[in-house]
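Everything below concerns the one structure shown next.
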Amino acid sequence: MGEDWAPYELAWSQDPLHRPRHVHLPALIEAADKAVAEAVASLSRDDSSGASPASASHAAPSECDGDAVHDWWGLYTALCFIQAPMVRCSRPAFRRVCREWGTRISYTHMLIAESFVKSAHARHAELARYAGEDRLVVQLAAKSGPAAAEAARLLRPYCDAVDLNCGCPQRWAMKEGIGAALLDRPEQVADMVHSIRNAVPDGHTDAAGAPPPVLPCVVKMRIKDDLRHSVDFARQCEAAGASWLTVHGRTPTCQPSAAVNAEAVTHIRECLSVPVVLNGGVADVSTAMEAALRTGCGGLMAANGLLDNPAMFYCAPSRAAMEAEMTFATSDSEAAPLPGAAAAFSPVQRVSFAWAPDRAAPAVQLRRYSVHDMWQASVTPREVISDFVRAAIRTDLAVPTTVQQVLRMARVYVSPAERNHLALLRSNLSVLRCLQEVGVYVEGGRIACV
Numbered sequence: 108m109g110e111d112w113a114p115y116e117l118a119w120s121q122d123p124l125h126r127p128r129h130v131h132l133p134a135l136i137e138a139a140d141k142a143v144a145e146a147v148a149s150l151s152r153d154d155s156s157g158a159s160p161a162s163a164s165h166a167a168p169s170e171c172d173g174d175a176v177h178d179w180w181g182l183y184t185a186l187c188f189i190q191a192p193m194v195r196c197s198r199p200a201f202r203r204v205c206r207e208w209g210t211r212i213s214y215t216h217m218l219i220a221e222s223f224v225k226s227a228h229a230r231h232a233e234l235a236r237y238a239g240e241d242r243l244v245v246q247l248a249a250k251s252g253p254a255a256a257e258a259a260r261l262l263r264p265y266c267d268a269v270d271l272n273c274g275c276p277q278r279w280a281m282k283e284g285i286g287a288a289l290l291d292r293p294e295q296v297a298d299m300v301h302s303i304r305n306a307v308p309d310g311h312t313d314a315a316g317a318p319p320p321v322l323p324c325v326v327k328m329r330i331k332d333d334l335r336h337s338v339d340f341a342r343q344c345e346a347a348g349a350s351w352l353t354v355h356g357r358t359p360t361c362q363p364s365a366a367v368n369a370e371a372v373t374h375i376r377e378c379l380s381v382p383v384v385l386n387g388g389v390a391d392v393s394t395a396m397e398a399a400l401r402t403g404c405g406g407l408m409a410a411n412g413l414l415d416n417p418a419m420f421y422c423a424p425s426r427a428a429m430e431a432e433m434t435f436a437t438s439d440s441e442a443a444p445l446p447g448a449a450a451a452f453s454p455v456q457r458v459s460f461a462w463a464p465d466r467a468a469p470a471v472q473l474r475r476y477s478v479h480d481m482w483q484a485s486v487t488p489r490e491v492i493s494d495f496v497r498a499a500i501r502t503d504l505a506v507p508t509t510v511q512q513v514l515r516m517a518r519v520y521v522s523p524a525e526r527n528h529l530a531l532l533r534s535n536l537s538v539l540r541c542l543q544e545v546g547v548y549v550e551g552g553r554i555a556c557v
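Everything in the sequence shown is counted per this note's numbering, starting at 108 for the first residue and increasing by one.
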């Protein structure tokens, strides 16, 4: 059956719309790390508390001199926000919406390397991209160097990096010897990293006719109860050639609601020379800034927060710009209603943002604020929900997945009866029509109508 798919695979790989403009992703994270380091140095100089350098390096804005003015806007826009790999969720529609509204790097859901290599049907069912997608990392679950290398060779034309999943705590993954089970086998993981780094690009070239660079391999891991084992694991991955490591600050046995061990992530970062991306506990603008300054990580990965609101990382150059582009639901009775027909939908109001920069003066000056004054992205804008539905239609996303994610994004907009009605729909167009009827769907947004 594999031969039946060969012509389609060849044509698909040669279509310019399906071949990404290769981006050197490690450079994006390194630049973000540099921005955080400069911000920490600035905060440490301005800190009037007399703290030692070791503790000052982990200062939050609210702990620093209240008279100092720091370029929070510049720091926030320099951070590298990453959409995490999520089973059934990290599909092209969701990835595109996240990218349109603030993330800089996207991950696919986890692909099983052995199945991906053996079956062309599995490749076409599991790997999909939207036209023009770049900065894409494909996550692999593998147990051997040869399987990981062959999967990487097949993936090379369609992604900018391959990630080895060494953090999935699910029982089935642990039983299969993948995911977090690999945390106890650093030599095996190092061999897979080395094999992927040496994978042949298979002759594909970029738009200028030059061969693409060596495929970066990254590792996503969790911490162990004994932090020494985590440091040893990370160092072996680095020595094998990992371009960066994503560290989830919880152990495999932790509950998802458990606190993230930021100190452990910081310690691992300080033991490595390659960048470390923080995963876990990043839920909005405030926690993102806090995490970056606490750990020194410029790369921040989010999962559940993006499922709740794909625009959780979005920021505009001014309050007016943000209010002009987004509409929200809010319980604030004093908020000014939207003009026109939208005013009839009473739960939807504009929201003010006190942390936006003041552009009235000739020179841009940032207001002093603590991280708690920043926008709490607890409500998904209607434009973002509408963008997701349009992207789901354009990419032919499975209807159950569309409904599942829409119900999560629109949780404050729909009643229990409307939720039940949405759950029974059998087409993405029906979902769109239903959202129109309840006043959630709007024409505005960043993804055009079909």
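Note that CB positions come from ideal geometry on N, CA and C, so glycine has one too.
Please return the same chain residues whose Cβ sits closer than 6 Å to the Cβ of T487, not counting the five positions on each side in sequence.
These residues qualify, in order along the chain: N416 and M516.
Take the Cβ of V210 as the centre, count every other Cβ of all protein chains shown within 10 Å, and call the residue buried at 16 or more, exposed below.
Rather than Val, the amino acid found at residue 210 in this sequence is Thr. Under this definition T210 is a buried residue.
Take the Cβ of Q362 as the centre, count every other Cβ of all protein chains shown within 10 Å, and call the residue buried at 16 or more, exposed below.
exposed
S302 classed as buried or exposed, judged by whether at least 16 other C-beta atoms fall within 10 angstroms:
buried
Could you give the first and the last residue of the continuous beta strand (DSSP E) run that contains T402?
Element bounds for T402: not the beta strand (DSSP E) but the alpha helix (DSSP H), V392 to T402.
Indicate whether the contact test is met: 3 or more Cβ pairs, each with one atom in the stretch 209-226 and one in the stretch 526-537, closer than 8 Å.
Counting Cβ pairs under 8 Å, fewer than three are found: no touch.
Between which two residues does the alpha helix (DSSP H) holding L539 run?
N535 to E544
Ordered list of beta strand (DSSP E) runs contained in the stretch 177-262, each at least 3 residues:
187-190, 213-219 and 243-248
Kindly give me the distance between the Cβ atoms of G405 and E490, rounded to whole angstroms, as I take these residues to be in contact under 8 Å.
Going by Cβ atoms, the distance from G405 to E490 rounds to 28 Å, so no, they are not a contact pair.
For A418, does the three-state DSSP call read helix, strand or coil?
Taken through DSSP and simplified to helix, strand or coil, A418 comes out as coil.
In three-state terms, what does DSSP make of G406?
If DSSP states are grouped into helix, strand and coil, G406 belongs with the strands.
In terms of alpha-carbon separation, which member of A297, R202 and V245 lies closest to F559?
Missing from the structure shown is residue 559; the chain here goes from 108 to 557 and no further.
In whole angstroms, what is the alpha-carbon distance linking G546 and P264?
42 Å
Which value, in whole angstroms, describes the spacing of the CA atoms of A306 and D267?
13 Å
Determine the contact status of S364 and P323, defining contact as a CB-CB distance below 8 Å.
Contact check for S364 against P323 fails: the beta carbons are separated by 8 Å or more.
Can you give the beta carbon distance from V496 to L542, rounded, assuming they're within the 8 Å contact cut?
6 Å
DSSP on K331, reduced to helix/strand/coil?
coil
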